[in-house]
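All you need for my numbering is the position in the sequence shown, starting with 1, plus 185. Yeah, the Cβ is synthetic: ideal placement off N, Cα and C, and Gly gets one too. So the structure is just underneath, and the comments pick up after that.
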Amino acid sequence: MPIRVEEIIRSVSRLKPMPSNVSQILREVDKPNVTIESLAGMIGLDQVLTALVLQTSNSVSLGYARTCSSLTEAIMHIGLRRLKSTLMTSSATSLMGRGLSGYQLGAGELWHHSLMVGVTSEWLSQALRYQDSEQAYVAGLLHDIGKLLLDQAVLSNYAGIADYVQRYHLQLWQVEEKLIGIDHARVGGLIAEHWNFPVTLVDAIQFHHAPSLARINQRLPAIVNLANSFSEDYQVNRSELLSFQAHPESLTILKLTPQDVANLKVKMKASGIFPNFAKAE
């Protein structure tokens, strides 16, 4: 194994585990007699979690006409299932706001893209009758989490990676694997394992570019793969390293024709789930 790949894998093990206060709140959410007020009180003790819950509730993807100013109101708006997902992914989403020089992404752009793919995955899961739309949201939201730890390796190899992408018309993840020895999806899967996520979520993140490789549930990574391709219509950053091509096997797994996909795109745009996201020119 190349030394740089070993170092990337070691960097996964150095990530902080889920904070104990988050684990405690998650246990509280699962209690049948939990109250919104008690959850708001617990979350309010942590400024980062408070900001994250308010950010989630005020996201344009939820389409609310007014913003929430209190935790109690925010939790009521997003519901306990989305609150649980928000808390479970807090360790990752707190890092997504930073810029990534290797991937040519400015501050907030990874979060913007990830949120779009998360919400689109949720919408597609409902349209395609997938059994757990919240799971699809989390998988979409975290699909590119591996880029956080692979960014410096990409930056060091940027010229070669960009040349391969353009000259051979390969997707970014394929070039990462060839030139670095590991791709961002695999790194993302390792992060998900480190945080003790269920196998279904680990696979959805790790195989969102190659859904047929998933061990127990190919539909979830196929949905994320398709959602990623849909997000191109709302993408502001046009970095040459961004990949939006849907894998043909995703359509096979989801039993969709190209016309079905076109129809889904039209329906999603008409649904207004991204009321304020600018469409890319």
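Secondary structure at L290: strand, using DSSP grouped into helix, strand and coil.
When C-beta atoms of the region 292-299 are compared with those of the region 393-409, fewer than three pairs fall below 8 Å, so the two segments do not count as touching. By the 16-neighbour rule on beta-carbons within 10 angstroms, A236 is exposed. In the DSSP annotation of this structure, the continuous segment of the alpha helix (DSSP H) that includes F415 starts and ends at R404 to F415.
Between H328 and V384, the CB-CB gap reaches or exceeds 8 Å. Here R195 is exposed: its Cβ has fewer than 16 other Cβ atoms, across all protein chains shown, within 10 Å.
The Cβ neighbour count for P406, taken over all protein chains shown within 10 Å, is at least 16; the residue is labelled buried.
In this structure the region 249-264 does not touch the region 190-205; the number of beta carbon pairs closer than 8 Å is below three. Per DSSP, reduced to three states, the secondary structure at L333 is helical. Exposure of R212 is indicated by the presence of fewer than 16 other C-beta atoms within 10 angstroms of its C-beta. L313 sits in coil when the DSSP states are folded into three classes, being neither helix nor strand.
Around the C-beta of N402, 16 or more other C-beta atoms lie within 10 Å, and the residue is accordingly described as buried. According to the DSSP secondary-structure assignment, L285 is paired through a beta bridge with L290.
For S244, there is no enclosing alpha helix (DSSP H), as DSSP marks it with neither H nor E. Annotation for G226: the continuous alpha helix (DSSP H) segment containing it runs I221 to I228.
Nearest in C-alpha terms to E362, of all of E378, G345 and I376, is G345. Under the three-state reduction of DSSP output, P433 falls in the helix class. Following the DSSP letters along the chain, one finds D388 inside the alpha helix (DSSP H) bounded by residues V384 to Q391.
Going by beta carbons, I260 and L272 fall outside the 8 Å limit.
Around Q209, the same chain offers M227 as residues with beta carbons nearer than 8 Å, after the five sequence neighbours per side are excluded. The region 350-364 makes no contact with the region 297-308: fewer than 3 CB pairs, one atom from each, lie closer than 8 Å. A straight-line Cα-Cα distance of about 46 Å links N206 and H354.
Between S310 and S318, the gap from beta carbon to beta carbon is short of 8 Å. In the three-state reduction of the DSSP assignment, L265 falls in the helix class, which pools H, G and I. Classified as buried, N413 has 16 or more neighbouring CB atoms from the shown chains inside 10 Å of its CB.
With a 10 Å radius around the Cβ and a threshold of 16 neighbouring Cβ atoms, V233 comes out exposed.
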